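Engineer: Residue numbers (our numbering), protein chains in the order written: chain B, 1 to 508; chain U, 509 to 850; chain V, 851 to 1159. Supplied in structure tokens, the structure appears directly below.
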Amino acid sequence: MSSSLAAGMQNIQKTYRDGTVALKGVDFTVREGEIHALIGENGAGKTTLMKILYGLLKPTAGKILIRGKEVNFRHPRDAIKNGVGMVQQHFALVPDFTVVENVVLGSEPCKQGVVVDYKSAVEAIKKLSEETGLHVDPESQVEGLPVGVQQRVEILKMLYRGAMTLILDEPTSVLSPIEVEDFFKILKGLRDKGRTIIFVTHKLKEALAISHRITVMRAGKVTGVVNSEGSTPQILANMMVGREVELKLEKKPVTIGEPLLEVEDLWVRSDKGLFAVKGLNFTVRRGEIFGVAGVEGNGQTELVESLTGLRRVEKGRVKVNGKDVTNAPPNELTRVGVAHIPEDRHKRGLILDFDLAENLVLGSQSNAPFGTRFNMSLETIYDYAQEAIRKFSIVAPSEKVRVKYLSGGNQQRIVVARELGRNPDFIVASQPTRGLDVAATEYVRTILLKMREGRKAVLLISSDLDEILQLSDRVAVIYEGTFVDVRKPEELTEEKIGLMMGGVKPES
Amino acid sequence: MLMQSLLAVALGFVAGGIMVAAAGYSPVVAYGVLLKGAFGDVDSIAETLAQATPLILTGLGVAVAFTEGCFNIGAEGQLFIGAFLAFLGGYLIAMPAPIHIPFVILMAIIGGAGWALLPAILKVKRGAHEVVTTIMMNWIAMLLTSYLTLYHFLEPTASIPETPIVNSSAVLPLIVPRTGLSASFLVALICVFVVYYMLKRMPLGYEIRAVGLNPTAAEYGGVAVSKVWVIGMLISGALCGIGGAGVTLGTYRRFVDRFSPGYGFDGIAVALIGRNNPIGALLAAIFIGALYSGAVYMRLVTHMPKELVMAIEGIIIIFAAIPEANRLIRKAIEHWKFWRAR
Amino acid sequence: MVEVNLFDAAFIMSLLAAMLRLSVPIVLTGIGEVIAERAGVVNIGIEGIMLLGAFSATYVAYFTGDAWLGLLIAIIVGILSGYIHGVIAINFKGDQIVSGVGMNMFAYGFTAAWLIVIWGEVGAGTSPDVPRIPQIPLPLPGAFSSISPFVFLMVLTAVASYYVLYKTKFGLRLRSIGENPAAADVAGINVYRVQFIATIIGAVLAAVGGAYLAVDWNGLFLRYMTAGRGFIALATVVFSNWNPLLVLVGGLLFGFADGLQMRLAPALGVGFPPQFLQMVPYILTLIVVTGAIGRAKPPAAVGKPYEKE
């Protein structure tokens, strides 16, 4: 492994137009011929940093050097010209096209500059396949290929264009354990042939197994760079997760009651058809907040959707208050007493062009007291809205304002007001404080605790560890569709959680 | 929002003015005559309102469809079927007037809604895009009613293909004599308020609006999206059908083959200019009705034919297509994703 | 009742000749729309653009005496129309369907109005006769003694489009935009520019299809002369599964049905209503569009304005 740098990023900063700071001055170097892992939680900034390296994003400040030469990437084209290629988490493939068409798109070999020379392209692909072990059938249609094979196509795309430095963003998230073995063999092969690999992941064991060096990021900064040899998951977990804990909210002791939610052997598929939830078993009782922590993409979304009537349960059972509600539609779940604070309030939770009052009654518009099947009592609805504004401390010019003009925090208050206003027994809160300012965050968390004191049950899914630790009575960490473990928050340290989030069950 | 409509209309007028000038006439004179012809005296105003009547109804129909995110280009066909069924109800059956009139209107509703049902179901069950299906239904409706008129209900003494008159109990009486303004205008006004009430105060209206703005959130909120969507289409078709009945029972008192000079398409312009709002549709319909009725006079003075109005409408619609960009794309994409996921 | 021997050679010949003639506008317009939609842009206004092409060709042919010049102007009109639709759909990311509806309405109104402005109230909404594109003489009897050059153009366009779409670099990139514009963008393709070009090509073909109606087939302009052919072209787009060669097949089929209907009506007797035969293209379209004959798969991103991140 040489000591010359394949790529160097100096003091990279990235601030978006709306003010969010994604990167706060990051230095990142990769040596030629090494496999370098870049790890961190969600929101740490790893993907943002790599998108900058690949020319998809422009840094607000900072320098990029490729092999010692300063470069200015305006588009991935420029990056590729300099030998840098990236395989993103969401593939940039045309499903309708064949492998060869996808590989050559944009860099087509042509006869007389017009007709695509597929024959030579197929030859080239076959040669690359031989060399690297990335076997694909060039003539097959991408749509029908398993995700693992599609990934190979993406990599071949980069190699075909002569990429010497490959950035892979969470590549093993679409692979089974056996495929991961083969994949690592291929990576080592690529490295032996002189290529440099940057491996973005949250999986600690894999990072240690495959890489030479590891860069750890947290909240837009680099917290450390270590050699894999001599490092342990514990050390990495600490660097990944350690943070100051915010104000501790008051959590009163509550007697835990009978089970409200019972999940038995739950199996749910993701959009891609693979199982995202693999046989989950758990119970949430009255007076309890059950927190589910974990890096996004490990099945949380599918779990939530299966419990709120938005996704099919393939196998297993869901019971609320003893009643079997497996695959029940949203309005039936509401009737049984299930409330849902969705993770994407703009898509699922609110109708932005409706006003505050209209959003408050979504789902109850034809029920008493808001109305009957044929008539809505607008007066009751608007009065109720005024009440809710007061009760839930919503800051809004009036109950007639269109929700899209309100801040994220106030929008979330409306969602909370609506869901909790129905006096539910069981609340599914999915990333409930995402994108909210401190005051709103405080508010939502306090409400959830109040629910707990009122002997309701809460299922809290959050990628914010503070939140999970502060609010939950029990914490489960989800990894690849199952719970790595379920513990009491007192028993957990940041290091232990970091381990679990990376797929490792801690000893003690 | 209002600004955008006014802007589109203004630009349409400017374009119209250019066209008039290109034909060798003064736009000022032409528009002046147009305005006078539309609003100059009581009879003119009556004519304007008479011209507006079918447009109010098709405009309402298209507006309801737009509200739920659907393109009902089939207003024309629904208008024809509604008109013909109203004719049948008025011709074949005799009843006392107070019962007969609601009865024939009901026939029109069944006709219009029924004609919208097929495209609605095809969209919901098979994902067939409603633009193409409704346009095909238009042509089929025109040919079907043409056939029925020519081969089964032809008035032998008539110079153009039309049916005999309906029974007098089914006729909508004229409001202003010697003009085209019949009680169908009142029916149209009633419909405006019914639609207004539905959209604002009925849960169905709430759900239609929700489905149009954010079908994902609506579904999540327990709204039976597909069902509501189909009902919305049926209402849209029913309104257009009533529009056809209005012309058949009020203006002509019989079914005239190919009687519509494009009321269905004017309805699209009305809905767009009126921003899918029932009151807006009423005003927009009167506006376009004024254009058509004034165009007759404009023709006498400037020889500009009334089809010019259609051209102006077209330009207004094109300008109306230019959006508050972000909002429209996000909505369109959301809709697409939603229906694709089915 | 007129006796017609359906297997009479002359009848078949005239039917085939009619089929070719009737299919030209549909095929040309349909192929144009396939190209546009393959790049992700929907243009419902092709009915109106056909009409504008027909009218402008008639106008120029009348005043210059040259049908070819008329065709040229129609092409320019097509470019302009395509440009406008492109600006609205691509630059302003406006509603593509509304823009198309507006264009149709404008064309209907404008051409009908200008017909009278220029030529006064001539006949039943028709223009005077205009010079026509000269037909190509063939050494064949009867209906095939001459043939329009547009028939060759139609076939050539179908074959050429197919070739370009599926064999060339340009075609590959265009198709990728209609399926996954984000992937095309990352691969370095200028999405907006290609979409614009595709839209203009589509509009030009529609205008040429319309011009054919005026200065070749009929030799005059008739009010509303496209009679919904633009919409039938939209149907053939679906029917063909967005494949130009199949648009040719579909167009010929529609042309055949149309020609048959025209000849069959007198044959079946005065009593038989022509309306039902006239309905056939539209009912056929409905069946096609609802996927009753296999599921047609449109380009995945068609109609969606592309937003760069």
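Every residue gets a Cβ at the ideal spot worked out from N, C-alpha and C, and that includes glycine. Values in this document were obtained by computation on a predicted structure and should not be read as measured data.
Could you list which residues in chain B have their beta carbon closer than 9 angstroms to that of U:A718, in chain order?
Structural biologist: Near U:A718 (Cβ distances below 9 angstroms), the residues of chain B are I351, F354, E358, L362 and Q365.
Engineer: With 16 as the cutoff for other CB atoms within 10 Å, does B:M239 come out buried or exposed?
Structural biologist: Per the 10 Å Cβ criterion, buried.
Engineer: Take V:N954 and list the residues in its own chain whose beta-carbon comes closer than 6 angstroms to its own, dropping the five residues that flank it on each side.
Structural biologist: Only G895, E897 and G898 meet the Cβ criterion.
Engineer: If contacts are defined as beta-carbon pairs under 8 angstroms, then V:T1095 and V:R888 qualify, I think. What distance do you get, rounded to the angstrom?
Structural biologist: Reading off the sequence, residue 1095 of chain V comes out as Leu, not Thr. Not really, about 13 angstroms apart at Cβ, beyond 8 angstroms.
Engineer: Using the three-state DSSP reduction, which class does B:E495 fall into: helix, strand or coil?
Structural biologist: Helix.
Engineer: Give the secondary structure of V:K1019 by DSSP, where H, G and I count as helix, E and B as strand, and everything else as coil.
Structural biologist: Of the three classes helix, strand and coil, the one that applies to V:K1019 here is helix, per DSSP.
Engineer: Between U:F521 and chain V, is there a C-beta pair that is closer than 9 angstroms?
Structural biologist: Taking Cβ atoms only, chain V never reaches closer than 9 angstroms to U:F521, which makes this a no.
Engineer: I'd like the span of the beta strand (DSSP E) that includes B:H36, first residue to last.
Structural biologist: Run containing B:H36: I35 to I39, per the beta strand (DSSP E) assignment.
Engineer: Determine the direct distance from the alpha carbon of U:Q512 to that of V:D979, and round the result to whole angstroms.
Structural biologist: Between V:D979 and U:Q512, the C-alpha separation is close to 43 angstroms.
Engineer: Along the stretch 1024-1041 of chain V, what residues have a CB closer than 8 angstroms to any CB found in chain B?
Structural biologist: Listed by position, the residues of the stretch 1024-1041 of chain V near chain B (Cβ gap below 8 angstroms) are R1025, S1026, E1029, N1030, A1032, A1033, A1034, V1036, A1037, G1038 and I1039.
Engineer: Going along chain V in order, which residues have a C-beta closer than 7 angstroms to the C-beta of B:V94?
Structural biologist: Within 7 angstroms Cβ-Cβ: S1026, E1029, N1030 and A1033.
Engineer: At which residues does the beta strand (DSSP E) containing B:D27 begin and terminate?
Structural biologist: Here the beta strand (DSSP E) through B:D27 covers V21 to R31.
Engineer: Taking 8 angstroms as the cut-off, is the C-beta of B:E495 nearer than that to any heavy atom in the ligand SAM?
Structural biologist: Judged by which ligands are present, the structure shown has none, so any question about the ligand SAM falls away.
Engineer: Counting Cβ pairs closer than 8 angstroms, one from the stretch 772-780 of chain U and one from the stretch 550-570 of chain U, do we hit at least three?
Structural biologist: They touch, by the three-pair rule.
Engineer: Against chain U, with Cβ distances strictly below 9 angstroms, would B:P558 count as a contact?
Structural biologist: As shown, chain B starts at 1 and ends at 508. That puts residue 558 of chain B outside it, with no answer to give.
Engineer: Which residues, in chain order, does the stretch 951-968 of chain V contribute to contact with chain U at a C-beta distance below 9 angstroms?
Structural biologist: Cβ contacts with chain U: V951, G952, M953, N954, M955, F956, A957, Y958, G959, F960, T961, A962, A963, W964, L965, I966, V967 and I968.
Engineer: If we call anything under 9 angstroms between Cβ atoms a contact, is V:G936 one with U:A828?
Structural biologist: No, Cβ-Cβ distance for V:G936 and U:A828 is not below 9 angstroms.
Engineer: Exposed or buried, B:K51, counting other C-beta atoms within 10 Å across all chains shown (16 or more means buried)?
Structural biologist: Result: buried.
Engineer: Across which residues does DSSP place B:D355 in a beta bridge pair?
Structural biologist: DSSP, once it has assigned bridges, lists B:R402 as partnering B:D355.
Engineer: Which same chain residues, not among the five before or five after U:Q586, have their C-beta less than 6 angstroms away from its C-beta?
Structural biologist: Correct list, in chain order: G620, W623, A624, G745, C748 and G749.
Engineer: Which of helix, strand or coil does DSSP assign to U:S552?
Structural biologist: Three-state result, U:S552: helix.
Engineer: Using only alpha-carbon positions, find the residue among U:T687, U:I823 and U:V640 that is nearest to U:I526.
Structural biologist: It is U:I823.
Engineer: Tell me, please, whether the CB atom of U:A833 is closer than 9 angstroms to any CB atom in chain V?
Structural biologist: The pLDDT assigned to U:A833 is 41, lower than 50, so where the model puts this residue is not dependable, and the model offers no usable value.
Engineer: Examine chain U for any beta-carbon lying closer than 9 angstroms to the beta-carbon of V:F913, and answer yes or no.
Structural biologist: No, its Cβ sits nowhere closer than 9 angstroms to a Cβ of chain U.
Engineer: Quick one: grab the DSSP three-state call for V:F1046.
Structural biologist: Helix at V:F1046.
Engineer: In this structure, how does DSSP classify U:S690 when only helix, strand and coil are distinguished?
Structural biologist: Three-state DSSP puts U:S690 in a strand.
Engineer: Mind checking who B:Y479 pairs with in its DSSP beta bridge?
Structural biologist: BP columns for B:Y479 point to B:T482.
Engineer: Is the beta carbon of B:E108 less than 9 angstroms from the beta carbon of B:A121?
Structural biologist: Yes; because the gap between Cβ atoms is below 9 angstroms, this pair is in contact.
Engineer: Would you please state the rounded distance, in angstroms, between the beta carbons of B:P59 and B:K14? I believe it to be under 8 angstroms.
Structural biologist: With 8 angstroms as the limit, B:P59 and B:K14 qualify as a contact, their Cβ atoms being about 6 angstroms apart.
Engineer: Tell me whether the beta-carbon of U:A849 lies closer than 9 angstroms to the beta-carbon of V:P1155.
Structural biologist: Taking 9 angstroms as the Cβ cut-off, U:A849 and V:P1155 do not qualify as a contacting pair.
Engineer: Starting from U:E576, trace the beta strand (DSSP E) both ways and give me its first and last residue.
Structural biologist: That residue, U:E576, is in no beta strand (DSSP E); it is neither H nor E in DSSP.
Engineer: Mind checking which residues open and close the alpha helix (DSSP H) that includes U:M818?
Structural biologist: Per DSSP, U:M818 belongs to the alpha helix (DSSP H) from E815 to A828.
Engineer: How big is the Cα-Cα spacing for V:F1166 and V:A904?
Structural biologist: The requested residue 1166 of chain V does not occur in the structure, where chain V is confined to residues 851 to 1159.
Engineer: Using 8 angstroms as the Cβ pair cut-off and three pairs as the minimum, do the stretch 921-935 of chain V and the stretch 1073-1083 of chain V touch?
Structural biologist: Touching, no, given that fewer than three Cβ pairs across the two stretches are closer than 8 angstroms.
Engineer: Tell me the DSSP secondary structure of B:E244 in three-state form.
Structural biologist: Per-residue confidence for B:E244 stands at a pLDDT of 42, beneath the threshold of 50, marking its modelled position as unreliable; the derived number appears in the next sentence. Three-state result, B:E244: coil.
Engineer: Figure out for me which residue from B:T482, B:L310 and B:R285 has the closest Cα to the Cα of B:R455.
Structural biologist: The option with the nearest alpha carbon to B:R455 is B:R285.
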